[in-house]
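Residue numbers (the working numbering): 201 to 305.
Idealized CB from N, CA, C, for every residue including glycine.
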């Protein structure tokens, strides 16, 4: 039982890292604009992205996840850079796949 409680507490701490650093998605995101540098975005977001990726056509994307729930649902912010500047930003809810149990015939 203690192991399960420890895992739950650690999960909350890990998933809430950006929020604990003062990031409320609304206030910070309103300050992100096209043309900003990665350094400017980092100064606003106050934490490293949860995921980074690069596309073949030269786009760099930073993905932040906020409001992580125990079931895996969260809010996603995807910031795309082209030539070292913000090109676009998307925000959307992510709904984690649900386990439905074994298939019955």
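For residue 260, the closest alpha carbon among the candidates 272, 278 and 245 is that of 278. For residue 256, there is no enclosing alpha helix (DSSP H), as DSSP marks it with neither H nor E.
No residue range can be given for residue 296, since it is assigned to no beta strand (DSSP E) and is classified by DSSP as neither H nor E. Membership of residue 244 in the alpha helix (DSSP H) is indicated by the continuous run 238-245. Cβ-Cβ distances below 6 Å link residue 274 to 265, 267, 268 and 294 in the same chain, with the five nearest sequence neighbours on each side left out; the list follows chain order. The shortest CA-to-CA distance from residue 280 to any of 270, 246 and 262 is the one to 262. Approximately 19 Å separates the beta-carbon atoms of residue 276 and residue 236; this is outside 8 Å, ruling out the contact. Straight through space, the alpha carbons of residue 283 and residue 229 are spaced by roughly 21 Å. At the C-beta level, residue 243 and residue 271 stay beyond 8 Å of one another.
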